[in-house]
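Chemist: Protein chains in written order, with this note's numbering: chain R, 5 to 260; chain E, 5 to 260. Quick one: the structure is below, questions incoming.
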DNA sequence: GTGACTTTGTGCCTGCGTTCACAAGCAGTT
DNA sequence: AACTGCTTGTGAACGCAGGCACAAAGTCAC
């Protein structure tokens, strides 16, 4: 059923677990922040605090990339940035095609976080003739029919789907046909793709529904007896793991 | 260290695992779709196909809510919709406060998927005086300073942060002070919250970076020897698990 | 050069999540 | 009423992930 190892093996024998890959971007952000604050070196405790994770987990994650720390000192911030960037493939610039220039598409086209991480939105695509030709954030909107030519011209291998659910599968098929092998899907629809194509989904309403579950639970058990959550003394704690699994999730797109 | 069981226990003895909770919204969407297509009943195989998961996983997930299937027949679609909705707390309407009316905030304010799932955006908030008073999607933008009054008035317990990273923690603190106990964070910043407050994060650039990793890997191992992925015969397969763990996510925000 | 201190890297254990495989159970037919 | 066929619900096994605790290994001071 599953003919590929769950954790993707890289060049030689260094297998980077999916859970680790999902956290590397967080570490990268933390490192950039510490570099801005003037730190030339950072211990696993410091980094873990900024990244919102356990220090042992961080060390184990980084150990999968190799030994880039100095015992007794910590990690060299600049070197670690390079190493993580290399592992994530961020040393080059990726051209991205964004399909669906509606409400969300507009926001994504203008999202600064993409460009700052080396992702260039090379093409905006839509089906609506009225939108074609418009300039969005300085980029002209092209018709979806022109996708093959545009994808070939810019060497696009990553696509973002921000269409309504009904159009998502067809757009997905077109992207794959145009050579796209990684897709970020914002449409609330389960995509089917050939083997070798990676799909990640972001579903905004699902996130709210998961929060609703917890809120509902808190409300129902909070009313009768326990007035407050057990164990909580009101002290702060990083609440960031509250994320992925949904997103959980989760990472790999192994074969069928 | 962790004084609360990892899987949240509901009313009596039915513990719903976090991974299951994260999938319930997907099942709910699949059920709505099948209802629209005229199915009064659905087998676990059919539902699993639409939801993009393993049928055994779906059955085990649903078994945590109780026995609502009929052996030899399948699940009653309408009853299952009710059951999942009740579990997720979607039988009532949740009022949501959205902070940060920039590019992304505009898109979120107009996102139809929220309203259709029972989430009402009761307030838009921003710090910029120029934005205050504007109508966005028919909702007036209020100043962040008015949050306490607005939150109390509408009974808001869920907040969405769509501000720049630099403002996220302060906004988070204000939301918590105003009584918000569940937060959906789009800002690329790790939030610290008191115990009892749930945080889920959605980081758009992280998703792309994870795709970049896989793309980078495909490119580097694809060139030398293996021309295509192993095991892939080009046939379709639902590639949706490729999601959550980042996003995943993951779920719980237990105590510190 | 030696000692004390700090921090990394990792072995080990525990627990959750996923999947297989099958018994239990219900509907429809004869 | 008994039988056949189909589907659910779950027991059991397996693998990944998280976290503790410690040995290895480096720096700094003297």
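All C-beta atoms in this analysis are idealised placements derived from N, C-alpha and C, irrespective of residue type, glycine included.
Taking beta-carbon pairs under 8 Å, can you tell me which members of the stretch 43-67 of chain E lie near chain R?
Modeler: 54, 55 and 56
Chemist: Hey, quick one: how far does the beta strand (DSSP E) through residue 105 of chain E stretch, first residue to last?
Modeler: For the purposes of this step, residue 105 of chain E is taken as the residue at position 101 of the second chain. Premise fails: residue 105 of chain E is in no beta strand (DSSP E) and is neither H nor E.
Chemist: Within the stretch 105-147 of chain E, note down every full alpha helix (DSSP H) run reaching 4 residues or more, in order along the chain.
Modeler: Correct list: 107-113 and 116-119.
Chemist: In three-state terms, what does DSSP make of residue 177 of chain R?
Modeler: Against the first chain, residue 177 of chain R aligns to sequence position 173. Three-state DSSP puts residue 177 of chain R in a helix.
Chemist: With respect to the beta strand (DSSP E) encompassing residue 79 of chain E, which residues constitute its N-terminal and C-terminal limits?
Modeler: In the second chain, the residue the question calls residue 79 of chain E occupies position 75. Residue 79 of chain E: member of the beta strand (DSSP E) spanning 78-80, first to last residue.
Chemist: State yes or no: is the beta carbon of residue 158 of chain E nearer than 8 Å to at least one beta carbon in chain R?
Modeler: Within the second chain, residue 158 of chain E is the residue found at index 154, counting from 1. So no, residue 158 of chain E is outside the interface.
Chemist: So what does DSSP say about residue 40 of chain R, is it helix, strand or coil?
Modeler: Counting from one through the first chain, the residue named residue 40 of chain R turns up at place 36. DSSP places residue 40 of chain R in helix when its eight states are reduced to three.
Chemist: Would you say residue 77 of chain R faces chain E, with C-beta separation under 8 Å as the test?
Modeler: Sequence index remark: in the first chain, residue 77 of chain R carries index 73 (1-based). Output row for residue 77 of chain R: interface = no.
Chemist: Find the residues of chain E that neighbour residue 219 of chain R, judging by a C-beta separation of less than 9 Å, and give them in chain order.
Modeler: Translated into positions along the first chain, residue 219 of chain R becomes position 215. Correct list: 93, 98, 161, 162, 185, 186 and 202.
Chemist: Are the CB atoms of residue 167 of chain E and residue 81 of chain E within a distance shorter than 8 Å?
Modeler: By one-based count along the second chain, residue 81 of chain E stands at place 77. By one-based count along the second chain, residue 167 of chain E stands at place 163. It is not a contact, given that the beta carbons lie outside the stated cut-off.
Chemist: Quick check on residue 36 of chain E: buried or exposed, where buried means 16 or more other Cβ atoms within 10 Å of its Cβ?
Modeler: As a position in the second chain, residue 36 of chain E is number 32, starting the count at 1. Exposed.
Chemist: Just to confirm, are residue 204 of chain R and residue 211 of chain E a CB contact at a threshold of 8 Å?
Modeler: For this step, residue 204 of chain R is matched to residue 200 along the first chain. For this step, residue 211 of chain E is matched to residue 207 along the second chain. Yes. Within cutoff.
Chemist: For residue 29 of chain E, would you say it is in contact with chain R, using Cβ-to-Cβ distances shorter than 8 Å as the test?
Modeler: Along the second chain, one-based indexing puts residue 29 of chain E at 25. Interface residue, yes.
Chemist: Using beta-carbon positions only, say whether residue 118 of chain E and residue 196 of chain R come within less than 8 Å of one another.
Modeler: For this step, residue 118 of chain E is matched to residue 114 along the second chain. For this step, residue 196 of chain R is matched to residue 192 along the first chain. In this structure, residue 196 of chain R does not lie closer than 8 Å to residue 118 of chain E by Cβ.
Chemist: Could you tell me the distance, in whole angstroms, from the CA atom of residue 122 of chain E to the CA atom of residue 88 of chain E?
Modeler: Translated into the one-based positions of the second chain, residue 122 of chain E becomes position 118. Translated into the one-based positions of the second chain, residue 88 of chain E becomes position 84. In a straight line, the C-alpha of residue 122 of chain E is about 14 Å away from that of residue 88 of chain E.
Chemist: Output the distance between the C-alpha atoms of residue 216 of chain E and residue 98 of chain R, rounded to the nearest integer angstrom.
Modeler: Residue 216 of chain E sits at position 212 when you count from the first residue of the second chain. Residue 98 of chain R sits at position 94 when you count from the first residue of the first chain. Their Cα atoms are separated by approximately 8 Å.
Chemist: Mind reading off the beta-carbon distance from residue 92 of chain R to residue 29 of chain R? Whole number of angstroms is fine, and I expect it under 8 Å.
Modeler: In the first chain, residue 92 of chain R corresponds to position 88, counting from 1. In the first chain, residue 29 of chain R corresponds to position 25, counting from 1. Yes, residue 92 of chain R and residue 29 of chain R are in contact; Cβ-Cβ is about 7 Å, under 8 Å.
Chemist: At what residues does the alpha helix (DSSP H) containing residue 69 of chain E begin and finish?
Modeler: As a working note, residue 69 of chain E is residue 65 in the second chain. Where residue 69 of chain E is concerned, there is no enclosing alpha helix (DSSP H), given that its DSSP letter is neither H nor E.
Chemist: Give me the subset of the stretch 110-130 of chain R whose CB atoms are less than 9 Å from a CB atom of chain E, sorted by chain position.
Modeler: 110, 111, 112, 113, 114, 115, 116, 117, 118, 120, 121, 122 and 123
Chemist: Using a C-beta to C-beta distance shorter than 7 Å, which residues of chain R count as neighbours of residue 211 of chain E?
Modeler: Position 207 of the second chain holds residue 211 of chain E. Per Cβ cutoff of 7 Å: 188, 204 and 206.
Chemist: Tell me the residue span of the beta strand (DSSP E) that contains residue 51 of chain E.
Modeler: The residue labelled residue 51 of chain E in the question sits at position 47 within the second chain. Premise fails: residue 51 of chain E lies in the alpha helix (DSSP H), 48-55, not in any beta strand (DSSP E).
Chemist: Strictly under 8 Å for the Cβ-Cβ distance: is residue 165 of chain R near chain E by that measure?
Modeler: Mapped onto the first chain, residue 165 of chain R falls at position 161. Chain E contact via Cβ: absent.
Chemist: For the stretch 134-145 of chain R and the stretch 184-196 of chain R, state whether three or more C-beta atom pairs, one from each stretch, are separated by less than 8 Å.
Modeler: no
Chemist: Got a sec: is the Cβ-Cβ distance from residue 25 of chain E to anything in chain R below 8 Å?
Modeler: By 1-based counting over the second chain, the position of residue 25 of chain E is 21. Yes, contact with chain R.
Chemist: Starting from residue 154 of chain R, trace the alpha helix (DSSP H) both ways and give me its first and last residue.
Modeler: In the first chain, the residue the question calls residue 154 of chain R occupies position 150. Taken as a continuous stretch (DSSP letters only), the alpha helix (DSSP H) holding residue 154 of chain R covers 151-158.
Chemist: Residues bridged to residue 189 of chain R by DSSP?
Modeler: Indexing the first chain from 1 puts residue 189 of chain R at position 185. Per DSSP, R:165 and R:205.
Chemist: Taking only beta-carbon positions, decide if residue 105 of chain E is within less than 8 Å of chain R.
Modeler: As a first step, residue 105 of chain E must be located in the second chain, where it is residue number 101. So, not an interface residue.
Chemist: How would you label residue 10 of chain E, buried or exposed, when you count the other beta carbons within 10 angstroms and need 16 or more for buried?
Modeler: The sequence position of residue 10 of chain E within the second chain is 6, counting from 1. Caution is warranted here: a pLDDT of 45 is assigned to residue 10 of chain E, below 50, making its placement in the model unreliable, and the coordinate value is therefore given only provisionally. The residue is exposed, with fewer than 16 neighbouring Cβ atoms inside 10 Å.
Chemist: Report the three-state DSSP secondary structure of residue 24 of chain R (helix, strand or coil).
Modeler: To locate residue 24 of chain R, count along the first chain from 1; it is residue 20. It is helical.
Chemist: What do you get for residue 42 of chain E, buried or exposed, if any count of 16 or more other CB atoms within 10 angstroms of its CB means buried?
Modeler: Working through the second chain from its first residue, we reach residue 42 of chain E at position 38. Looking at its Cβ environment, which holds fewer than 16 other Cβ atoms inside 10 Å, residue 42 of chain E is exposed.
Chemist: Can you find the residues in the same chain that come closer than 6 Å, C-beta to C-beta, to residue 152 of chain E, ignoring five residues on each side of it along the sequence?
Modeler: Numbered from 1 along the second chain, position 148 holds the residue referred to as residue 152 of chain E. Correct list, in chain order: 182.
Chemist: Leaving out the 5 sequence neighbours to the left and right, which residues in its chain are closer than 7 Å to residue 149 of chain R when beta-carbon positions are compared?
Modeler: For the purposes of this step, residue 149 of chain R is taken as the residue at position 145 of the first chain. Taken in chain order, the list of residues that qualify is empty.
Chemist: If you draw a straight line from the alpha carbon of residue 90 of chain E to that of residue 33 of chain E, how long is it in whole angstroms?
Modeler: Taking the first residue of the second chain as 1, we reach residue 90 of chain E at position 86. Taking the first residue of the second chain as 1, we reach residue 33 of chain E at position 29. Cα atoms of residue 90 of chain E and residue 33 of chain E: separation of roughly 14 Å, rounded to the nearest angstrom.
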